[in-house]
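Undergrad: Quick note: the sequence shown uses the working numbering, first residue 39, plus one each step.
I have a structure I would like to understand better, so I am pasting it below and will then ask my questions one at a time.
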Amino acid sequence: MELERVNMRDESYQASVQEIHRCGKLCFHINQTEPHSEEGRKLTDELFESPLPEGSVIFPPMQIDLGKNIKIGKNVIINHNLTCMSRGSIEIEDDVMIGPEVALLTANHDFADHWVLLCGKIHIKRNAWIGARAVILPGVTVGENAVVAAGAVVTKDVQANTVVGGNPARVIRRLEV
39 MELERVNMRD
49 ESYQASVQEI
59 HRCGKLCFHI
69 NQTEPHSEEG
79 RKLTDELFES
89 PLPEGSVIFP
99 PMQIDLGKNI
109 KIGKNVIINH
119 NLTCMSRGSI
129 EIEDDVMIGP
139 EVALLTANHD
149 FADHWVLLCG
159 KIHIKRNAWI
169 GARAVILPGV
179 TVGENAVVAA
189 GAVVTKDVQA
199 NTVVGGNPAR
209 VIRRLEV
């Protein structure tokens, strides 16, 4: 997948910094509220600029830089300490489970010019399971029913019905569904 180049020196990037600060403040307040409270729900809705879909829940604390760039499906469970760098956008389909301390990172830096971000969408398809402390990097699609093992670093697409693990993640086995 071709990654989008975003120069952090450009005005278009600088204009987004205010939104990053807004989301940072909202995450701070969400992380200080009682879990599953009405106040926390309202703040979460404000972060994503829409209500979480039916049956979906995110356990605080969390760090999300651009909430409006994240689409979450129904019946999604996201455990505590999620980190999302979502400039490249994140789509999480229905029935996905995400373990604690997972990082979804849609931006990385160009080795030749550290002021240039390389951004790509992360797409987690229906019924996938992302294990604790996994890291998903820019441009990755995790296929339907796939399992990403705890601690995996996912640099390439994960096919449907497979289990991947390791750093970098590789196929451990295929699932029969």
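All C-beta atoms, glycine included, are put in the ideal place defined by N, C-alpha and C.
(1) Which residues in the same chain as VAL114 place their Cβ atom closer than 6 Å to its Cβ, once the five residues preceding and following it in sequence are excluded?
(2) Helix, strand or coil, according to DSSP, for VAL196 in the structure here?
(3) Quick one: what does DSSP say HIS67 is sitting in, helix, strand or coil?
(4) Grouping DSSP H, G and I as helix and E and B as strand, with all else coil, what is THR144?
(5) For the 8 Å Cβ check, are there 3 or more pairs between the segment 70-87 and the segment 136-151?
(6) What runs of the beta strand (DSSP E), each 3 residues or longer, lie entirely inside the segment 133-183?
(7) Using the C-alpha atoms, what's the distance from ALA190 back to LEU104?
(8) Rounded to the nearest angstrom, what separates GLU92 and LYS112 at their Cα positions?
TA: Inspection of the coordinates gives the following:
(1) By 1-based counting over the sequence shown, the position of residue 114 is 76. Counting only residues of its own chain and dropping the five nearest sequence neighbours on each side, VAL114 has a CB closer than 6 Å to the CB of SER94, ILE130, VAL134.
(2) The sequence position of residue 196 within the sequence shown is 158, counting from 1. In the displayed model, VAL196 falls within a strand according to three-state DSSP.
(3) In the sequence shown, counting from the first residue as 1, residue 67 sits at position 29. In the structure shown, HIS67 sits in a helix (DSSP, three-state: H, G or I).
(4) As a working note, residue 144 is residue 106 in the sequence shown. In the three-state DSSP reduction, THR144 falls in the coil class, being neither helix nor strand.
(5) They do not touch, by the three-pair rule.
(6) DSSP runs (the beta strand (DSSP E)) wholly in the segment 133-183: 141-143, 145-147, 154-157, 160-162.
(7) Residue numbering aside, residue 104 sits at position 66 when the sequence shown is read from its first letter. Residue numbering aside, residue 190 sits at position 152 when the sequence shown is read from its first letter. Per the coordinates, the alpha-carbon of LEU104 lies some 24 Å from the alpha-carbon of ALA190.
(8) Along the sequence shown, one-based indexing puts residue 92 at 54. Along the sequence shown, one-based indexing puts residue 112 at 74. C-alpha separation (whole angstroms): 5 Å.
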